[in-house]
Amino acid sequence: MADITAAMVKELRDETQLPMMDCKKALVEAGGDKEAAKQALREKGVKLMGSRADRATEEGRVAVFAGVNQPAGAIIELQVESAPVASNEDVVALANDLAKQLATGPGAKTADELWDQPSPSQSGKKLRDIKDDLENKIREVFKLARIERIEGPTGGYVHFDGKTGVLLAVKGGSDELAKDVSMHVAAMGPSATNVSDLDPAEVEKERAILIEAAKQEGKPENIIEKMVEGRLRNYYAEKVLAEQPFVKDDKQTVGKVAKAGGMELRGFSLWKVGQTSDATAA
């Protein structure tokens, strides 16, 4: 039997962040072969976390990779079990890697497909390997709840707590302007990009409500239509990104700010951990 020294155990502990006794046992069973011991620990961890797969993952974070000069952008939601783990620096790095790989790699239709792609920050490792190691170390279930890739130029923003993120589809403009508009989306939560993107049935429903309200006010028939059109602008300013007063300069609409910066607004995805609101261009 190989002589398992304290230094060998410490080295394996430092590399895996697993308990000392687990590391010592793995080394003993592997005959002192560190790589074999690491693989055994990983396999044991995968089996353990597999038995916990049905545990609730009510915390998590959104990550975005975007750029107006990038061929594609991406947004992902990585769910975990607790808030402290959602802000763990290794978990943040994994979420960012997932978004970057989704945008810059071949794309993925499912979470499993993305997990099996290479890590953009750790050469020689798959994203799944990093997830398995983190789950083994932290002992919480990780779930890649949602993924989305948008072809073409994009802007993006993630709130400081990681719970809200925006991926904005654009044409032209700059990264700074696209980020500012993305921040506006996160703050104001529009439901459509442009007036033409609104559900016509919802617009007609609102129009009917406004017409009835005007009639109840006793307004003459010949001015009701003009009044309603004026009031519909308030409705658009509430619902439509391009019509909303810009949060950084409420004397201008987002649409006018974008146009002045040479940027066309083409759609957006606004994600909050556990919920979604999308107005993404086709």
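For the sequence shown, the UniProt record's numbering puts the final residue at 282, and the numbers step up evenly by one. Built from N, CA and C at the ideal position, the CB exists for glycine as well.
Asked, Found
"Cβ separation of residue 177 and residue 73, assumed to be a contact under 8 Å, to the nearest whole Å", "Not confirmed; about 15 Å, so no contact."
"Sufficient close CB pairs (3 or more, under 8 Å) joining the region 100-110 to the region 169-184", "no"
"Residue interval of the beta strand (DSSP E) (run including residue 250)", "249-253"
"Option nearest residue 144 by Cα separation, candidates 60, 129, 133", "60"
"Top-ranked residue by Cα proximity to residue 213, from 228, 26, 201, 251", "228"
"For residue 171, the three-state DSSP class (helix, strand or coil)", "strand"
"Helix, strand or coil at residue 110 according to DSSP, with G and I counted as helix", "coil"
"Length of the line joining the Cα atoms of residue 282 and residue 84", "Per-residue confidence for residue 282 stands at a pLDDT of 46, beneath the threshold of 50, marking its modelled position as unreliable; the derived number appears in the next sentence. Approximately 37 Å, taken between the alpha carbons."
"Selection from 225, 86, 232 that minimises the alpha carbon distance to residue 161", "86"
"Helix, strand or coil at residue 121 according to DSSP, with G and I counted as helix", "coil"
"Nearest-angstrom Cα separation, counted from residue 26 out to residue 39", "9 Å"
"Identity of the residues DSSP links to residue 144 by a beta bridge", "78"
"Rounded C-alpha distance that separates residue 37 from residue 113", "28 Å"
"Exposure label - residue 275; buried when at least 16 CB within 10 Å", "exposed"
"Selected residue, minimal CA-CA separation from residue 170, among 199, 62, 268, 126", "268"
"Residue 166 in three-state terms, based on DSSP", "strand"
"Simplified DSSP state of residue 191, which is helix, strand or coil", "coil"
"C-alpha gap between residue 266 and residue 193, whole angstroms", "7 Å"
"N-terminal and C-terminal residue of the beta strand (DSSP E) that residue 59 is part of", "59-65"
"Neighbour-count burial assignment, residue 130, 16 or more Cβ in a 10 Å radius", "buried"
"Sheet register partners of residue 154 (DSSP bridge)", "169"
"Chain B contact for residue 142 (CB, 7 Å cutoff)", "Absent from the structure: chain B. Only one protein chain is present."
"Which of helix, strand or coil DSSP assigns to residue 30", "coil"
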